[in-house]
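J.: Once you've had a glance at the structure underneath, I'll fire off some questions.
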Amino acid sequence: MEIHIQADSNNTLTVLDLLEQQGFSLPCNCHGANVCGGVQYDFPCGMVPKAPLTVHLPDATSSAQITGLSLMQTPDLSIQPDSLLIDIGTTTIAMVYYHSTKKNTFFSEVFANPQIAYGADVISRIQYDVTHPSEHMLHKELTSCLTGHAVSFLKRYPDISIKQCLIGGNTTMIHLLLNLSLQGMTGHPFTPEIPDNFSFTHKGVSVHVLPWLSAFIGGDITAGLLSLSFDTRNDTCILADLGTNGELVLCHKNHLYTASTAAGPALEGGGLSHGCPAIPGAVSEVSLRGIIPRIQTIANKLPCGICGSGAISVLAELLSQQYMNADGTLTSKFPENGILLAKAPSSDIIFTSNDVRQMQLAVAAIAAGIDTLCREAGILPENVDSLYLAGGLGYHIPLEKASSLGMFCDIFLGRIHCVGNSCLNGLAKLSSAAEEDLISLQHRLTAQTEDISLADNAFFQSSYLSHMTYHPS
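In the working numbering, the protein residues as written are 430 to 902.
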């Protein structure tokens, strides 16, 4: 599809801005913040055109594949979707147009959360929002982005009628979506503001926002737990969402222990020198022969950046090839400017010493979080029957390499299940439920849940420091 745009008279609007004015959304890793290097296009993502321009947009039939959905992966254009499912992540947003009865996907897409321009993590965004209370800028950015993508879709398919919208997201994202005050989230005891209602009608569409379980365990995790029937299970299992917030839930004896490890955006490609989400073209696997890398990209597309699984792969290779010591320090073999992984149209993809550090912190946070929840439940890691890994990283992660870094103990390797986007799977499951059933399920989960604060947990701090040194399994 070709879209013709005109430069604005003041020459201040970017290509993305001008497209959104016409109701179209151009996928971009950083939503025009000019930090992704424009790796998906032959022009910088923050480009301000000085003259008329033609932009080529993919047709809706080239639907993005959202990892690990138990929905149809290939769009079925013969159905009429009645539901819009949205997973609002800190780094990326995923949307699925879905038929709740036929249980088929019509179209899906993944794009960057535009709020990344105001901070890579929830803490940065909370700080911005509370220090600019009258602007509501993050709320406007998010709602404008979601509306833009929905309008763009409906323009292509004007005969489609969406009856309901189900939304999951971490607690901060839901606050920003509903324009709630984040003042209570700025410090201990971290008290979310409760909205009047999580369900409402907007322009004739029934909207259901999945509520959070705690300040740092959001509605996306609520949906994920329901997708895996954690509310009715009798075995011992863990759901780990390997994203920016690193949420963990341990189910043991019909009780749920929850924690957020604040692993940072590196696990989703954020904060890395040439990072990107787990999208087609992202470097997802790396092996080193000397200093020469061999890479694999998602969907075997041309490389456009490195995602979290690729970064874990590089880190494990650096350790095994002695470019890095067990304590994370780099040896003299590591090139001063970093390791060149691949050449891309607009910017070479390089893994730097700072990337090594960011991944070291993230791996340690996840490992220490699992240790801490097991301790709180009075069990050992070997007592865990199943470990479910959610998120884009949880689908593509090289398990043995992650284990070699100590992210998971080796006992887990035969018990790991990569479930991809558990939030969207949960929303799809709930899309055919009555509103009363939704409320009942949510209340049951809340009653079973005990939130573990890691910020002041001495065992977590000790375990975190221990995992900063790699203990290969």
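By construction, the Cβ of each residue, glycine as well, lies at the ideal position given by its N, Cα and C atoms.
Can you tell me whether T651 is buried or exposed, with buried defined as 16 or more other CB within 10 angstroms of its CB?
T.: Here residue 651 refers to the residue found at position 222 of the sequence shown. T651 should be labelled buried.
J.: My assumption, with CB atoms under 8 Å, is that T673 sits in contact with T519. Please give the rounded CB distance.
T.: By one-based count along the sequence shown, residue 673 stands at place 244. By one-based count along the sequence shown, residue 519 stands at place 90. So it is a contact: roughly 4 Å between Cβ atoms.
J.: Taking DSSP as the reference, what is the three-state secondary structure of V477?
T.: As a first step, residue 477 must be located in the sequence shown, where it is residue number 48. It is coil, neither helix nor strand.
J.: If I measure Cβ to Cβ from D660 and keep anything under 6 Å in the same chain, skipping five residues before and after, which residues do I get?
T.: As a position in the sequence shown, residue 660 is number 231, starting the count at 1. If we look at D660 and ignore the five residues flanking it on each side, its Cβ neighbours are R873 and L874.
J.: Any idea what DSSP makes of Y899, helix, strand or coil?
T.: Within the sequence shown, numbered from 1, the residue matching residue 899 stands at position 470. Coil.
J.: Spatial neighbours of L567 within its chain, please: C-beta separation below 8 Å, excluding the five flanking residues on both sides.
T.: As a working mapping, residue 567 is identified with position 138 in the sequence shown. So the qualifying residues of the chain are Q544, Y547, R554, Y557, D558 and L605.
J.: Could you check what DSSP says for D446 in three-state terms: helix, strand or coil?
T.: Translated into positions along the sequence shown, residue 446 becomes position 17. D446: helix per DSSP, three-state reduction.
J.: Taking the alpha-carbon positions, what's the D623 to C847 distance?
T.: Here residue 623 refers to the residue found at position 194 of the sequence shown. Here residue 847 refers to the residue found at position 418 of the sequence shown. Contrary to the premise, residue 623 reads as Ile rather than Asp in this sequence. Their Cα atoms are separated by approximately 33 Å.
J.: Tell me V712's beta-bridge partners as DSSP assigns them.
T.: Residue 712 sits at position 283 when you count from the first residue of the sequence shown. BP columns for V712 point to T726 and I735.
J.: Leaving out five residues on either side along the sequence, give the residues of the same chain with a beta carbon under 8 Å from the beta carbon of L571.
T.: Translated into the one-based positions of the sequence shown, residue 571 becomes position 142. These residues qualify, in order along the chain: I517, N542, P543, Q544, M602, L605 and L606.
J.: How long is the line joining the alpha carbons of S454 and F540, rounded to whole angstroms?
T.: Counting from 1 along the sequence shown, the entry for residue 454 is found at position 25. Counting from 1 along the sequence shown, the entry for residue 540 is found at position 111. Confidence in S454 is poor, its pLDDT being 48 and thus under 50, which makes the residue's placement too unreliable to answer from.
J.: Spatial neighbours of A831 within its chain, please: C-beta separation below 8 Å, excluding the five flanking residues on both sides.
T.: In the sequence shown, residue 831 corresponds to position 402, counting from 1. So the qualifying residues of the chain are I741, A745, V792 and F837.
J.: Taking Cβ positions, are R844 and S815 nearer each other than 7 Å?
T.: On the sequence shown, position 415 is the one that residue 844 refers to. On the sequence shown, position 386 is the one that residue 815 refers to. Yes, Cβ-Cβ distance for R844 and S815 is below 7 Å.
J.: Does the distance from the CB of L696 to the CB of L671 come in under 7 Å?
T.: Your numbering for residue 696 matches position 267 in the sequence shown. Your numbering for residue 671 matches position 242 in the sequence shown. Yes. Within cutoff.
J.: Start and end of the alpha helix (DSSP H) containing D625?
T.: Counting from one through the sequence shown, the residue named residue 625 turns up at place 196. Element bounds for D625: n/a, residue is neither H nor E.
J.: Taking the alpha-carbon positions, what's the Q435 to G475 distance?
T.: Within the sequence shown, numbered from 1, the residue matching residue 435 stands at position 6. Within the sequence shown, numbered from 1, the residue matching residue 475 stands at position 46. For Q435 and G475, the distance between alpha carbons rounds to 16 Å.
J.: Tell me whether Y402 sits in a helix, a strand or coil according to DSSP, three-state version.
T.: What is shown of the chain runs 430 to 902, which leaves residue 402 out entirely.
J.: Using only CA atoms, which one of G835, L701 and G849 lies nearest to F780?
T.: Here residue 780 refers to the residue found at position 351 when the sequence shown is read from its first residue. It is L701 whose Cα lies nearest to the Cα of F780.
J.: Identify the residues that DSSP records as bridge partners of C847: which are they?
T.: Position 418 of the sequence shown, counted from the first residue, corresponds to residue 847. Answer by DSSP bridge pairing, in chain order: L818.
J.: Please classify L802 as buried or exposed, where buried requires at least 16 other C-beta atoms within 10 Å of its C-beta.
T.: Here residue 802 refers to the residue found at position 373 when the sequence shown is read from its first residue. Buried, by the Cβ-count rule.
J.: I believe Y527 touches A862 by the beta-carbon criterion, under 8 Å. Please report the beta-carbon distance rounded to the nearest angstrom.
T.: Along the sequence shown, one-based indexing puts residue 527 at 98. Along the sequence shown, one-based indexing puts residue 862 at 433. Rounded, the Cβ-Cβ distance is 14 Å, inconsistent with contact.
J.: Drop a sphere of 10 angstroms on the beta-carbon of H578, count the other beta-carbons inside from all chains shown, and report buried for 16 or more, exposed for fewer.
T.: Here residue 578 corresponds to residue number 149 of the sequence shown, with the count starting at 1. Result: buried.
J.: Between which two residues does the beta strand (DSSP E) harbouring M524 extend?
T.: In the sequence shown, the residue the question calls residue 524 occupies position 95. Start and end: T521 to H528.
J.: Only counting the same chain, and skipping five residues up and downstream in sequence, which positions put a Cβ closer than 7 Å to that of D550?
T.: Numbered from its first residue, the sequence shown carries residue 550 at position 121. Cβ neighbours of D550 beyond the five flanking positions: T519, T673, G693 and P694.
J.: Determine, using beta carbons only, whether L769 comes closer than 7 Å to chain B.
T.: In the structure shown, chain B cannot be found, because there is only a single protein chain.
J.: For L514, list the residues DSSP reports as bridge partners.
T.: Looking up residue 514 in the sequence shown gives position 85. Paired residues: V525 and L595.
J.: Excluding the 5 residues flanking R804 on each side, which residues of the same chain have their C-beta closer than 7 Å to its C-beta?
T.: The residue you call residue 804 lines up with position 375 of the sequence shown. Counting only Cβ-Cβ distances below 7 Å, and skipping sequence neighbours, we find F888.
J.: Using alpha carbons as the reference points, say which of K682, Q890 and D866 lies closest to H637.
T.: The count along the sequence shown starts at 1 and reaches residue 637 at position 208. Measuring from the Cα of H637, the nearest candidate turns out to be D866.
J.: Which residues in the same chain have their Cβ closer than 8 Å to the Cβ of T690, if we skip the five residues on either side of it in sequence?
T.: Counted from its first residue, the sequence shown places residue 690 at position 261. If we look at T690 and ignore the five residues flanking it on each side, its Cβ neighbours are N674, G675, E676, L677, A794, I795, A797, G798 and L883.
J.: Could you tell me which whole alpha helix (DSSP H) segments of length 4 or greater appear in the segment 539-582?
T.: Entirely contained in the segment 539-582, the alpha helix (DSSP H) runs reaching 4 residues are, in chain order, 551-560.
J.: Can you say whether F985 is buried or exposed, counting buried as having 16 or more other CB atoms within 10 angstroms of its CB?
T.: Given that the chain is displayed from residue 430 to residue 902, the structure contains no residue 985 and the question cannot be resolved.
J.: What residue from T443, F629, P587 and Y824 has the CA that sits closest to V477's CA?
T.: Counting from 1 along the sequence shown, the entry for residue 477 is found at position 48. Ranking the options by Cα distance to V477, first place goes to T443.
J.: Would you give the residue range spanned by the alpha helix (DSSP H) that A797 belongs to?
T.: On the sequence shown, residue 797 is found 368 positions in, with the first residue counted as 1. Counting along the chain, the alpha helix (DSSP H) containing A797 begins and ends at S782 to A806.
J.: Using only the alpha-carbon positions, how far apart do G821 and V525 sit?
T.: Along the sequence shown, one-based indexing puts residue 821 at 392. Along the sequence shown, one-based indexing puts residue 525 at 96. G821 and V525: Cα-Cα distance of roughly 15 Å.
J.: Could you tell me if the beta carbon of F540 falls within a distance shorter than 6 Å of some heavy atom in the ligand FAD?
T.: As presented, the structure is devoid of all ligands, the ligand FAD included, so that no description of it is given.
J.: Going by the DSSP bridge assignment, what does D437 pair with across the sheet?
T.: The count along the sequence shown starts at 1 and reaches residue 437 at position 8. Answer is none; D437 lacks a bridge partner.
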